[in-house]
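In what follows, a single structure is set out as structure tokens and then discussed.
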Amino acid sequence: MSSTPETEGSPASAGDRIAVLGAGSWGTALAIQFARTGCQTTLWGRDRSHLDELARERCNARYLPDARFPDALSIEPDLATVLRTHRDVVVSVPSHALRGLLMEIAPHRHARMRLAWATKGFELSTGLLPHQVAGQVLGSDVPTAVISGPTFAREVGAGLPTAMTIAAEDQVFARELAQRISGLNFRAYTSTDVIGVEIGGAIKNVLAIGAGLSDGLGFGANTRIALITRGLVEMTRLGVALGARKETFMGLAGLGDLVLTCTDNQSRNRRFGLALAAGERIDAAQKAIGQVVEGVLAARAVREVAMRSNVEMPISEQIYRVVHEGVAPKDAVKELMSRALKPESG
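Following numbering that gives the first Met the number 0, the numbering of the sequence shown begins with 0 at its first residue and continues without gaps.
See the structure below:
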């Protein structure tokens, strides 16, 4: 149960309404947090029976059973109605589902629409980042933003102190989103580095699988911190090559999200790595987790983007080989440790 009051702010005006698309754990947590601050919030999802349950129980028993819905949070099963009655829309779906949902949104686009997403990862088939997918589907005239950073849905749902980043070229939109989601125990920072924030969110899931593999094999704290530190170098290297700012990766959406995902068992990607280290098959490990393990597809996408960009990412490459080529984790570590010595800045 949340330790904060159901509503931290004053009742919102009609112009402060916001819609969250995606009733999984993170979409639900975002909707709860927006509603907690007094923002009139509408949550939509694909599963009508699940939405009926949310409306009836006033909580998401499947994903966040202890997080009660604030009074300002309502459920709407009709996507067209949601899009017609809201200016600001936040998309919270896995990266492989982003383009399809944006294509459903496109026919209902209106002149005042502004769109944000909490989706992390490259699109597998194209290697595009979410903002590039949105640009292809919706065009360049819709103000957009990305919501990212070190957050676990359960802790946001519980009202525990949390900080995150909202990045957008349109700083008015970024500031307004930050103001509307920030409350007693939640603080949102703004950034203009959309590429950097998105790349941090894409790569950290791959590295978290590696951290789970390492810890599951009993390699210890030295190995874990080496993986995180050198993984951050890889993340930064690819990000800068794609146009991001180096300093972004030392912030919440880079180092913050990476450390969170690599070190806490709330991370599905870390738990997946632990399961593989224990000898579980890939399909069985994913089924046991019960939710999308973003790092599995991300490992392939990151590898392809890195190769196309001529960027060296040896840790990400070995994680890809373990997940997609069946290389034994110990052999992958041996390969990494036998690489030629070089300066740390390289």
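In this text, a Cβ means the ideal position worked out from N, Cα and C, and glycines have one as well.
Whose C-alpha, out of the options, is nearest the C-alpha of residue i?
| i | options | result |
| --- | --- | --- |
| Gly211 | Thr235, Arg67, Gly294 | Gly294 |
| Thr191 | Asn204, Lys203, Arg302, Thr164 | Thr164 |
| Leu50 | Ala133, Leu78, Met234, Gly37 | Leu78 |
| Val291 | Ala300, Gly278, Glu75, Arg267 | Arg267 |
| Pro76 | Arg57, Leu97, Gly44 | Gly44 |
| His109 | Thr222, His85, Lys286, Thr40 | His85 |
| Leu72 | Gln170, Ala18, Gly199, Ala225 | Ala18 |
| Gly217 | Thr36, Val332, Leu340 | Val332 |
| Leu123 | Ala96, Ala252, Gln39, Arg57 | Ala96 |
| Val258 | Arg223, Asp282, Ala66, Gly195 | Arg223 |
| Cys261 | Leu296, Thr228, Leu20 | Thr228 |
| Val239 | Arg47, Asn309, Leu159, Ala54 | Asn309 |
| Leu296 | Glu52, Pro342, Thr80, Gly120 | Gly120 |
| Asp169 | Pro142, Gly195, Gly158 | Pro142 |
With 16 other CB atoms within 10 Å as the buried threshold, where does residue i fall?
| i | result |
| --- | --- |
| Leu114 | buried |
| Lys329 | exposed |
| Gly99 | exposed |
| Met306 | exposed |
| Ala201 | buried |
| Ala13 | With a pLDDT of only 41 at Ala13, under 50, the local geometry of the prediction cannot be trusted, and no value is derived from it. |
| Asp351 | There is simply no residue 351 to check, as the chain begins at 0 and stops at 345 in what is shown. |
| Asn59 | buried |
| Val171 | exposed |
| Ala339 | exposed |
| Ser48 | exposed |
| Ser9 | Residue placement at Ser9 is poorly supported in this model, since its pLDDT is 37, which falls under 50; the coordinates are not used for a value here. |
Alpha carbon to alpha carbon, what distance is there between residue j and residue i?
| i | j | result |
| --- | --- | --- |
| Ala298 | Ile208 | 9 Å |
| Ala162 | Glu175 | 16 Å |
| Ser91 | Leu237 | 25 Å |
| Asp70 | Ala243 | 40 Å |
| Gly156 | Pro64 | 9 Å |
| Leu82 | Val88 | 8 Å |
| Leu335 | Ile314 | 7 Å |
| Asp193 | Ala144 | Note on residue identity: the sequence assigns Val, not Asp, to residue 193. Roughly 8 Å separates the two Cα atoms. |
| Asn204 | Ile318 | 11 Å |
| Ala177 | Thr189 | 7 Å |
| Gly219 | Arg61 | 34 Å |
| Ser24 | Gly289 | 12 Å |
| Arg111 | Leu241 | 30 Å |
| Leu254 | Leu231 | 7 Å |
| Ala225 | Val322 | 20 Å |
| Ser344 | Glu324 | 30 Å |
| Ile281 | Ala327 | 13 Å |
| Leu53 | Gly21 | 13 Å |
Residue i and residue j look like a contact to me (Cβ under 8 Å); what is the Cβ gap, rounded to whole Å?
| i | j | result |
| --- | --- | --- |
| Gln265 | Phe185 | 17 Å between Cβ atoms; not a contact. |
| Phe33 | Ile180 | 6 Å |
| Pro149 | Glu197 | That belief does not hold up - the Cβ atoms of Pro149 and Glu197 are roughly 15 Å apart, past 8 Å. |
| Ala28 | Leu42 | Contact flag wrong, Cβ pair sits at about 11 Å. |
| Gly126 | Ala287 | Not quite, the Cβ-Cβ distance comes to about 29 Å (not below 8 Å), so this is no contact. |
* To do: Evaluate contact between the stretch 105–114 and the stretch 137–145, counting only Cβ atoms and requiring at least three cross-stretch pairs below 8 Å.
  => yes
* Does the stretch 211–220 come close enough to the stretch 270–284 to have 3 or more Cβ pairs within less than 8 Å? -> yes
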